[in-house]
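Numbering (the working numbering), first residue to last: 85 to 380. Contents: one structure, followed by commentary.
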């Protein structure tokens with residue numbers, strides 16, 4: 085006889101997002117690990133203020149530090165076990181304090197929904213989280229640092245699974261700390277055009293992608309599709325394709341040994357000069373500068 089479902093603990097209630105919708109978003113979540121490095125910082129040591137193109141976290145293992153995310157007037161003191169979670173393209177700063185050298189792990193990754201929506205911003209993850217027996221932040225970060233250092237077979241999949249589990253544990257255990265974004269990403273037509281976004285992601289390597297072909301994947305006329313797409317994403321389908329090409333290129337630049345020319349062609353750019361110009365416009369640095377960017 086199966087156990088009565090009513091005897092199990094209830095699922096946590098996430099703010100302002102129906103459980104079914106949240107589950108669909110998590111099923112669509114894509115994790116791309118970049119790096120995980122165990123650091124010993126000298127005194128003094130400061131990172132930022134800066135903006136980077138991927139998401140990341142710092143987890144303090146020992147020592148002390150202070151930091152801010154978005155607002156330099158909201159400085160937080162960090163103690164061992166504090167994680168600082170930073171969405172992509174958000175300004176932040178962290179610096180060592182005290183007399184002992186801080187030990188911390190820095191993890192860089194991409195976490196996207198529906199072809200490029202940053203899940204940390206969309207769900208409103210808290211910027212500062214204290215480790216606990218429910219979250220296991222330090223243990224997960226140490227395992228990722230080991231995976232990245234050794235690079236045993238399957239290391240990217242292992243890191244991706246660790247990142248997903250850590251984000252999921254935070255969602256389940258700290259739902260009251262989240263502040264979901266109240267913008268076009270919650271648009272009711274998002275699920276309707278999701279197949280078109282998936283199609284775009286699967287075909288980014290093609291040099292020619294037209295709106296009529298994209299619209300046909302969701303059985304809409306090009307005119308109707310353009311209108312709905314702009315309402316949901318705040319840009320035209322072609323602008324979105326260009327943005328996704330650059331985002332895919334950024335991931336390959338940070339996670340592969342491919343040449344910039346190979347990356348450009350892989351992402352649908354037939355002209356490397358145009359690729360560099362477009363990349364710089366959207367990422368605020370050249371492809372080569374992005375590759376050389378520190379992973380701290």
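Glycine included, every Cβ here is placed at the ideal spot set by N, Cα and C.
Residue i - partner residues in DSSP beta bridges
i: residue 194; result: 116
i: residue 188; result: 123, 144
i: residue 159; result: Answer is none; residue 159 lacks a bridge partner.
i: residue 212; result: 168
i: residue 152; result: 177
i: residue 139; result: 193
i: residue 131; result: 178
i: residue 202; result: 196
Supposed close pair residue i, residue j - CB separation, criterion 8 angstroms
i: residue 118; j: residue 178; result: About 18 angstroms; that fails the 8 angstroms criterion.
i: residue 88; j: residue 167; result: About 37 angstroms; that fails the 8 angstroms criterion.
i: residue 172; j: residue 137; result: 6 angstroms
i: residue 351; j: residue 326; result: Their Cβ separation, rounded to whole angstroms, is 10 angstroms, which puts residue 351 and residue 326 out of contact at 8 angstroms.
i: residue 273; j: residue 205; result: Actually they are not in contact, since the Cβ atoms of residue 273 and residue 205 sit about 20 angstroms apart, beyond 8 angstroms.
i: residue 139; j: residue 195; result: 6 angstroms
i: residue 190; j: residue 283; result: Their Cβ separation, rounded to whole angstroms, is 35 angstroms, which puts residue 190 and residue 283 out of contact at 8 angstroms.
i: residue 135; j: residue 97; result: At roughly 33 angstroms, the Cβ-Cβ gap does not stay under 8 angstroms, so residue 135 and residue 97 are not in contact.
Proximity of residue i and residue j at Cβ, strictly below 8 angstroms
i: residue 430; j: residue 247; result: It is not possible to answer for residue 430, since the shown part of the chain is limited to 85 through 380.
i: residue 51; j: residue 254; result: For residue 51 there is no data in the structure shown, the boundaries of the chain being 85 and 380.
i: residue 335; j: residue 244; result: no
i: residue 162; j: residue 150; result: yes
i: residue 141; j: residue 185; result: no
i: residue 113; j: residue 197; result: yes
i: residue 224; j: residue 250; result: yes
i: residue 145; j: residue 128; result: no
i: residue 159; j: residue 152; result: yes
i: residue 363; j: residue 333; result: yes
i: residue 210; j: residue 176; result: no
i: residue 393; j: residue 264; result: With the chain running from 85 to 380 in the structure shown, residue 393 is simply not present.
i: residue 180; j: residue 147; result: yes
i: residue 371; j: residue 344; result: yes
Any chain D beta carbon closer than 8 angstroms to residue i
i: residue 182; result: Absent from the structure is chain D; it holds one protein chain and no more.
Is the stretch 348 to 364 touching the stretch 297 to 311, taking contact as three or more C-beta pairs under 8 angstroms? no
On the three-pair Cβ rule with 8 angstroms, is the stretch 339 to 349 touching the stretch 319 to 327? no
Kindly provide the ranges of any alpha helix (DSSP H) runs that are 4 or more residues long and lie completely inside the stretch 262 to 319, ordered along the chain. 274 to 286, 295 to 300, 306 to 317
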